[in-house]
Structures are given as structure tokens and as C-alpha cells.
Amino acid sequence: MIKITNLNKYYKNGDSELHALKNINLKVEKGEFIAIMGSSGSGKSTFMNILGCLDKDFQGIYVLDTINVEKIVEEKISRIRNQKIGFVFQAFNLLQNLTALENVELPLIYSGIKSKERIEIATNILEKVGLEKRLHHRPNELSGGQKQRVAIARAVVNEPAIILADEPTGNLDSSSEEEIMKLFIELNEKGATVIIVSHEPEIAKYCKRIIVFKDGEIISDGEPN
Ligand SMILES: Nc1ncnc2c1ncn2[C@@H]1O[C@H](COP(=O)(O)OP(=O)(O)O)[C@@H](O)[C@H]1O
Ligand SMILES: [Mg+2]
Numbered sequence: 003m004i005k006i007t008n009l010n011k012y013y014k015n016g017d018s019e020l021h022a023l024k025n026i027n028l029k030v031e032k033g034e035f036i037a038i039m040g041s042s043g044s045g046k047s048t049f050m051n052i053l054g055c056l057d058k059d060f061q062g063i064y065v066l067d068t069i070n071v072e073k074i075v076e077e078k079i080s081r082i083r084n085q086k087i088g089f090v091f092q093a094f095n096l097l098q099n100l101t102a103l104e105n106v107e108l109p110l111i112y113s114g115i116k117s118k119e120r121i122e123i124a125t126n127i128l129e130k131v132g133l134e135k136r137l138h139h140r141p142n143e144l145s146g147g148q149k150q151r152v153a154i155a156r157a158v159v160n161e162p163a164i165i166l167a168d169e170p171t172g173n174l175d176s177s178s179e180e181e182i183m184k185l186f187i188e189l190n191e192k193g194a195t196v197i198i199v200s201h202e203p204e205i206a207k208y209c210k211r212i213i214v215f216k217d218g219e220i221i222s223d224g225e226p227n
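Take any residue in the sequence shown, note its place counting from 1, add 2, and you have its number in this note's numbering.
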């Protein structure tokens with residue numbers, strides 16, 4: 003599903019250059035549940051942004067489902083992102099002036115689905131994440147855990163094959179964290195490939211494969227011990 007070969011990423015700041023990802027090689031099969039760990043600044047978010055096709059400015063080869071991401075034009079990338087990938091961020095990234103329902107409808111708008119069906123699908127998925135009573139609330143009227151559930155509903159409403167989550171529970175208390183992890187486990191059991199960045203060791207117990215980054219390199223990759 004994902005094959006990455008000799009991936010390097012540099013950030014250029016004026017004259018200086020930061021080598022943020024160093025010769026990364028990785029294969030991910032369909033249906034895997036992976037945790038990416040490593041200390042702050044080790045390159046996890048940089049890597050996730052590339053996986054999520056949010057950043058195409060890298061060296062190396064990234065093949066996603068037979069598509070060579072590097073070679074593909076921008077309009078096509080947005081379509082692939084919208085249909086194949088669900089992205090969940092630590093800071094939720096919901097639109098503040100839209101209700102929970104409207105936030106979840108957004109990816110469906112981009113997919114060209116008509117209003118009536120959109121509302122049906124979005125309502126359905128918000129029910130699944132336990133927010134049936136919060137459909138018309140705006141983000142500032144929701145708790146952190148509820149906001150993240152809206153964000154997850156939005157990420158999965160197009161039934162993406164891959165779910166990428168960058169420290170999705172970083173802003174949550176431990177009971178919301180457990181709820182959110184259960185949602186990811188359910189999605190994985192239904193067939194989605196799930197990749198989660200976290201620096202919390204508790205997350206590891208939910209995953210079958212743990213990849214550890216250090217200074218832009220993968221220093222270990224395997225089952226949790
Ligand atoms: N947009 C950027 N411009 C320049 N340097 C960046 C940028 N984003 C991240 N970095 C640097 O790249 C390295 C990896 O950052 P990041 O991928 O955010 O790490 P992590 O998510 O593991 O904390 C860090 O040294 C960080 O300062
Ligand atoms: Mg990060």
C-alpha cells in the first residue's frame with residue numbers, strides 16, 4: 003500500500019539547511035496499525051506530512067497504491083488526498099464558524115455529493131462517534147475529546163484506505179484519549195490502514211508495529227516488546 007525508498011527531506015532556511023529526514027525506507031501493507039514514536043524534533047510530523055501528500059518537496063520515491071506521488075500533478079494530488087487519506091491533527095483543525103455537521107460534510111462537498119445525501123452520511127458518522135446530540139454545535143461549544151471525534155468523523159467520512167493521525171490525543175485527557183484510540187482500533191478492524199504518531203508509551207499497547215524516529219532516521223521498526 004505504501005512503499006518509500008531512500009526518502010530525504012531538507013528544510014532550507016536562508017543559507018542553512020536542515021536534514022530533517024535521512025534516507026528513510028519503509029513498506030506498509032494494507033490493514034496495518036502502526037505507531038510512530040520518537041522525541042520532539044525527530045522528524046515524525048515531517049514524515050507524516052509527506053505520507054499524507056501534504057508535502058511533495060522531498061527526495062526519493064514514494065509510491066502510494068501504485069501511484070508515484072512525486073510525479074503526480076497538484077490537482078490530482080488533492081483528489082487522492084481527499085479520497086484515499088484521512089488526516090487527523092493534534093490541534094483538531096476544525097473550521098470554527100462551521101457546525102460539527104458542516105465540518106464533517108466538507109470532504110463530501112469536495113467529492114461532489116449532493117446536500118441531502120451529505121447530511122445523511124455526515125449525521126450517520128457523527129452518530130457512530132457518539133455525537134448525535136452535538137450535530138449543530140460549533141467547535142467552541144465542544145470539549146477537546148468531542149472536537150477530536152468531529153475531526154476523526156471528518157477524516158473518515160470518505161472511507162479512506164489510510165488514516166494518518168499526528169499526535170491525535172496530545173491535547174486530550176486520558177479518558178478521551180482512550181475513547182479516541184478505540185475509534186482508531188475500530189476503523190482498523192474494518193480494514194483501514196492506520197498510522198499514528200504519539201510520544202505516549204500507552205499508545206504502543208494498541209499497535210502491532212512500532213517505528214521509532216531519532217534525528218530524522220528510523221532507529222527501530224518492529225513489534226512492541
Ligand atoms: N517548516 C519547517 N521549516 C524548517 N524546519 C522545520 C520545519 N518543520 C520542522 N522543522 C524542523 O525539522 C525537524 C523535525 O521536525 P518535526 O518533523 O516537526 O518533528 P516531530 O514531529 O518529531 O517533533 C526539527 O528540527 C524541526 O525544527
Ligand atoms: Mg510533530
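Even for Gly, the Cβ is constructed at its ideal location relative to N, Cα and C.
Check, Outcome
"Is Asp-67 buried or exposed, if buried means 16 or more other CB atoms sit within 10 Å of its CB?", "exposed"
"What three-state label does DSSP hand Gln-148 in the structure shown?", "helix"
"Would you call the region 34-50 and the region 189-198 touching, i.e. three or more CB-CB distances under 8 Å?", "yes"
"Starting from Glu-188, follow the alpha helix (DSSP H) in both directions and report where the run begins and ends.", "176-191"
"Between the Cα of His-201 and the Cα atoms of Ala-157, Lys-192, Phe-215, which residue gives the shortest distance?", "Phe-215"
"Which partner residues of Lys-216 appear in the DSSP bridge assignment?", "Glu-219"
"Report the rounded CA-to-CA distance for Leu-166 versus Asp-17, giving the unit in angstroms.", "33 Å"
"Looking at the strands, I want to know which residues DSSP matches up with Phe-91.", "Asp-168"
"Which of helix, strand or coil does DSSP assign to Lys-11?", "strand"
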